[in-house]
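Peer 1: Before I ask anything, let me first share the structure, which is written out below as structure tokens.
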Amino acid sequence: MIVVMKTDAPISEIQRIIQELRSWNITPEKIVGKHKVIIGLVGDTATLNSEKIQQLSPFIEKVVNIDKPFKRASLEFRYGEPTEVFVSTPNGIVVFGQHHPIVSIAGPCSVENEEMIIETAWRVKAAGAKLLRGGAYKPRTSPYSFQGHGESALDLLAKAREVTGLGIITEVMDAEQLAQVAEVADIIQVGARNMQNFSLLKRVGATNKPVLLKRGLAATIEDWLMAAEYIMAEGNPNVILCERGIRTFDRKYTRNTLDLAAIPVLRTLTHLPIMIDPSHGTGWAEYVPTMAIAAIAAGADSLMIEVHPNPAKALSDGPQSLTPQQYDQLMQQMATIGEAVGRWPVKSPVLAYSGVA
Ligand code: PEP
Ligand code: MN
2 MIVVMKTDAP
12 ISEIQRIIQE
22 LRSWNITPEK
32 IVGKHKVIIG
42 LVGDTATLNS
52 EKIQQLSPFI
62 EKVVNIDKPF
72 KRASLEFRYG
82 EPTEVFVSTP
92 NGIVVFGQHH
102 PIVSIAGPCS
112 VENEEMIIET
122 AWRVKAAGAK
132 LLRGGAYKPR
142 TSPYSFQGHG
152 ESALDLLAKA
162 REVTGLGIIT
172 EVMDAEQLAQ
182 VAEVADIIQV
192 GARNMQNFSL
202 LKRVGATNKP
212 VLLKRGLAAT
222 IEDWLMAAEY
232 IMAEGNPNVI
242 LCERGIRTFD
252 RKYTRNTLDL
262 AAIPVLRTLT
272 HLPIMIDPSH
282 GTGWAEYVPT
292 MAIAAIAAGA
302 DSLMIEVHPN
312 PAKALSDGPQ
322 SLTPQQYDQL
332 MQQMATIGEA
342 VGRWPVKSPV
352 LAYSGVA
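Note that the numbering used here has the sequence shown beginning at 2, numbered continuously upward.
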């Protein structure tokens with residue numbers, strides 16, 4: 002349930018209503034939007050009487066019931082206003098949201114060594130990426146596959162951040178790694194395989210770091226939004242949803258089925274920013290550009306793309322990784338479509354490649 006305040010509602014009146022609602026044993030949450038102040042009521046609201054709430058003040062515009070199982074993640078909870086997720090990077094603040102330029106993120110599946118991560122960082126930065134991705138802890142289907150270099154890879158990401166100024170996004174697989182990962186990451190990634198690891202969701206929800214929540218391999222959109230709700234219920238509203246392909250029946254020609262229809266569907270359900278990962282979404286580098294520009298046309302707020310300096314030698318996900326040059330070309334195509342949909346003010350690369358630092 003939400004209480005929508007009139008635009009001229011005095012702060013003292015909003016506070017008074019909040020106090021009153023608290024005395025009814027519910028936990029009101031004040032949300033200051035661009036145009037309106039909303040008081041969100043979550044928890045056991047079944048017995049609340051909306052008419053009784055409406056009568057609390059003449060400054061209440063209306064009381065709206067949220068009939069979805071996800072509350073904080075629902076579009077109604079923000080009264081239709083898209084959430085902006087602010088990510089602070091050494092190069093400046095990067096904003097994810099529907100009324101902002103598309104944010105492009107790139108980097109290898111996993112951090113392999115210093116030379117490759119630093120080179121990739123410079124190359125993707127030159128092409129216009131705002132954050133560098135790279136796994137230190139890798140959730141692999143086989144226990145015999147490369148599991149990531151762990152802590153030492155986090156140090157390399159920290160170095161790449163320091164020398165290029167790019168923000169870092171990297172995955173946390175276990176609550177025990179969280180403090181370590183949060184020290185380096187500007188965005189904490191919760192991977193597809195952990196989307197319903199509820200104890201991990203609660204732990205990342207208790208931090209103040211932006212969280213990238215990847216859709217589970219077999220998760221419905223509602224499962225996914227309920228997972229976001231777990232994070233938000235702990236007090237962290239900075240969640241970005243990432244569609245990365247779901248498991249369907251074709252494993253021969255595509256690794257996953259990229260559900261681009263999730264974009265317009267999510268727009269009707271949630272205020273959270275939407276990212277698309279066409280690399281895991283298709284599994285093959287040759288299909289990544291088509292799906293990346295399709296994602297932009299469909300309204301994605303951000304793209305995450307795997308880039309490796311030598312995909313043939315990659316320790317993980319080589320077949321779906323673009324070379325830095327291919328990423329650079331793709332960024333130019335993305336700029337064309339991005340401009341057409343009014344989401345790409347920066348056409349040319351920000352900086353030239355200045356070599357390995
Ligand atoms: C990744 O981003 O490298 C990754 C492992 O993704 P996902 O969790 O979507 O499989
Ligand atoms: Mn990968």
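Quick reminder that beta carbons are idealized off the backbone N, C-alpha and C, glycines included.
Whole angstroms is fine: what's the gap from residue 157's alpha carbon to residue 24's?
Peer 2: Here residue 157 is taken as the residue at index 156 of the sequence shown, counted from 1. Here residue 24 is taken as the residue at index 23 of the sequence shown, counted from 1. For residue 157 and residue 24, the distance between alpha carbons rounds to 51 Å.
Peer 1: Could you give the C-beta distance for residue 102 and residue 252, rounded to a whole number, given that I count them as a contact under 8 Å?
Peer 2: Within the sequence shown, residue 102 is the residue found at index 101, counting from 1. Within the sequence shown, residue 252 is the residue found at index 251, counting from 1. Their Cβ separation, rounded to whole angstroms, is 35 Å, which puts residue 102 and residue 252 out of contact at 8 Å.
Peer 1: Find out if the Cβ-Cβ distance for the pair residue 241, residue 280 is shorter than 8 Å.
Peer 2: Residue numbering aside, residue 241 sits at position 240 when the sequence shown is read from its first letter. Residue numbering aside, residue 280 sits at position 279 when the sequence shown is read from its first letter. No. Outside cutoff.
Peer 1: I think residue 244 touches residue 71, with their Cβ atoms under 8 Å apart; what is that distance to the nearest whole Å?
Peer 2: Position 243 of the sequence shown, counted from the start, is the residue given in the question as residue 244. Position 70 of the sequence shown, counted from the start, is the residue given in the question as residue 71. Their Cβ separation, rounded to whole angstroms, is 17 Å, which puts residue 244 and residue 71 out of contact at 8 Å.
Peer 1: Could you pull out every residue in the same chain whose Cβ sits closer than 6 Å to the Cβ of residue 196, ignoring the five residues on either side in sequence?
Peer 2: Your numbering for residue 196 matches position 195 in the sequence shown. Here the set comprises 217, 220 and 228.
Peer 1: What residue does the alpha helix (DSSP H) around residue 37 start on, and which one ends it?
Peer 2: By one-based count along the sequence shown, residue 37 stands at place 36. Careful: residue 37 lies outside any alpha helix (DSSP H) and carries neither H nor E.
Peer 1: The beta strand (DSSP E) with residue 107 in it runs from where to where?
Peer 2: Translated into the one-based positions of the sequence shown, residue 107 becomes position 106. Run containing residue 107: 104 to 108, per the beta strand (DSSP E) assignment.
Peer 1: What residue from 329, 312, 297 and 319 has the CA that sits closest to residue 341's CA?
Peer 2: Residue mapping note: residue 341 aligns to position 340 of the sequence shown, counting from 1. Ranking the options by Cα distance to residue 341, first place goes to 297.
Peer 1: Regarding residue 146 and the ligand MN, is the C-beta to nearest heavy atom distance less than 7 Å?
Peer 2: Taking the sequence shown and counting its residues from 1, one reaches residue 146 at position 145. Result no, Cβ not under 7 Å from the ligand MN.
Peer 1: Measure how close the beta-carbons of residue 256 and residue 283 come, nearest whole angstrom, since I'm counting them as under 8 Å.
Peer 2: Position 255 of the sequence shown, counted from the start, is the residue given in the question as residue 256. Position 282 of the sequence shown, counted from the start, is the residue given in the question as residue 283. Rounded, the Cβ-Cβ distance is 7 Å, consistent with contact.
Peer 1: Can you tell me the Cα-Cα spacing of residue 355 and residue 87, whole angstroms?
Peer 2: Walking along the sequence shown from the start, residue 355 turns up at place 354. Walking along the sequence shown from the start, residue 87 turns up at place 86. Confidence is the limiting factor: at residue 355 the pLDDT is only 47, short of 50, which leaves the residue's position unreliable, though a coordinate-based value still follows. C-alpha separation (whole angstroms): 28 Å.
Peer 1: Using only alpha-carbon positions, find the residue among 95, 275 and 270 that is nearest to residue 75.
Peer 2: By 1-based counting over the sequence shown, the position of residue 75 is 74. Out of 95, 275 and 270, 270 has the C-alpha closest to the C-alpha of residue 75.
Peer 1: Can you tell me the Cα-Cα spacing of residue 315 and residue 147, whole angstroms?
Peer 2: By one-based count along the sequence shown, residue 315 stands at place 314. By one-based count along the sequence shown, residue 147 stands at place 146. Spanning the two alpha carbons is a distance of roughly 10 Å.
Peer 1: Name the DSSP bridge partner or partners of residue 172?
Peer 2: As a first step, residue 172 must be located in the sequence shown, where it is residue number 171. In the DSSP output, where bridge partners are listed per residue, residue 172 has 190.
Peer 1: Is it right to say residue 123 is buried, meaning 16 or more other beta carbons lie within 10 angstroms of its own, or is it exposed?
Peer 2: Along the sequence shown, read from residue 1 onward, the residue named residue 123 stands at position 122. Classification for residue 123: buried.
Peer 1: Since I believe residue 3 is in contact with residue 77 (beta carbons under 8 Å), could you give me their beta-carbon distance rounded to a whole number of angstroms?
Peer 2: Translated into the one-based positions of the sequence shown, residue 77 becomes position 76. Translated into the one-based positions of the sequence shown, residue 3 becomes position 2. Contact flag correct, Cβ pair sits at about 6 Å.
Peer 1: Compute the Euclidean distance between the alpha carbons of residue 179 and residue 207, then round it to the nearest angstrom.
Peer 2: Residue mapping note: residue 179 aligns to position 178 of the sequence shown, counting from 1. Residue mapping note: residue 207 aligns to position 206 of the sequence shown, counting from 1. Answer to the nearest angstrom: the Cα atoms are 11 Å apart.
Peer 1: Using the rule of at least 16 other Cβ atoms within 10 Å of the residue's Cβ for burial, across every protein chain shown, is residue 250 buried or exposed?
Peer 2: On the sequence shown, position 249 is the one that residue 250 refers to. Exposed, since its Cβ has fewer than 16 Cβ neighbours within 10 Å.
Peer 1: Please classify residue 303: does DSSP put it in a helix, a strand, or coil?
Peer 2: Sequence index remark: in the sequence shown, residue 303 carries index 302 (1-based). Strand.
Peer 1: Candidates 16, 46 and 45: which alpha carbon is nearest residue 32's?
Peer 2: Here the question's residue 32 lines up with position 31 in the sequence shown. Considering only alpha carbons, the answer is 16.
Peer 1: Determine the extent of the alpha helix (DSSP H) in which residue 342 is found, giving its start and end residues.
Peer 2: Looking up residue 342 in the sequence shown gives position 341. Careful: residue 342 lies outside any alpha helix (DSSP H) and carries neither H nor E.
Peer 1: Look up residue 250 in the DSSP assignment and say whether it is helix, strand or coil.
Peer 2: Walking along the sequence shown from the start, residue 250 turns up at place 249. DSSP places residue 250 in coil when its eight states are reduced to three.
Peer 1: Enumerate in chain order the residues of its own chain whose CB-to-CB distance from residue 233 is below 7 Å, with the five nearest sequence positions on each side excluded.
Peer 2: On the sequence shown, position 232 is the one that residue 233 refers to. Cβ within range, chain order: 73, 74, 206 and 240.
Peer 1: Classify residue 278 as buried or exposed, calling it buried when 16 or more other Cβ atoms lie within 10 Å of its own Cβ.
Peer 2: Here the question's residue 278 lines up with position 277 in the sequence shown. Answer is buried; the Cβ neighbour count reaches 16.
Peer 1: Grab the span of the alpha helix (DSSP H) containing residue 90 for me, first residue to last.
Peer 2: Here residue 90 refers to the residue found at position 89 when the sequence shown is read from its first residue. Segment 86 to 90 is the beta strand (DSSP E) holding residue 90; no alpha helix (DSSP H) there.
Peer 1: Any residue with its Cβ nearer than 5 Å to a heavy atom of the ligand MN should be included. What is that list in chain order?
Peer 2: Any residue whose Cβ sits closer than 5 Å to a heavy atom of the ligand MN makes the list: 110 and 318.
Peer 1: On the DSSP letters alone, give me the boundaries of the alpha helix (DSSP H) that residue 126 sits inside.
Peer 2: As a working mapping, residue 126 is identified with position 125 in the sequence shown. Run containing residue 126: 115 to 128, per the alpha helix (DSSP H) assignment.
Peer 1: Within the continuous beta strand (DSSP E) that includes residue 292, where are the two ends?
Peer 2: The count along the sequence shown starts at 1 and reaches residue 292 at position 291. Residue 292 -> not in any beta strand (DSSP E); alpha helix (DSSP H) instead, spanning 289 to 298.
Peer 1: For residue 139, count the other beta carbons within 10 Å of its own beta carbon; 16 or more makes it buried, fewer makes it exposed. Which is it?
Peer 2: Here residue 139 refers to the residue found at position 138 when the sequence shown is read from its first residue. By the neighbour-count rule (16 or more Cβ atoms within 10 Å), residue 139 is buried.
Peer 1: Are residue 185 and residue 119 closer than 8 Å when you measure CB to CB?
Peer 2: The residue given as residue 185 occupies position 184 in the sequence shown. The residue given as residue 119 occupies position 118 in the sequence shown. Going by C-beta atoms, residue 185 is not nearer than 8 Å to residue 119.
Peer 1: So, helix, strand or coil for residue 60, using DSSP?
Peer 2: What you label residue 60 is simply residue 59 of the sequence shown in a count that begins at 1. Coil.
Peer 1: DSSP state of residue 348, grouped into three classes?
Peer 2: Stepping through the sequence shown from its first residue, residue 348 is reached at position 347. Any reading at residue 348 needs caution, since the residue's pLDDT is 45, under 50, leaving its predicted position unreliable; the model's value is listed next. Coil at residue 348, not helix or strand.
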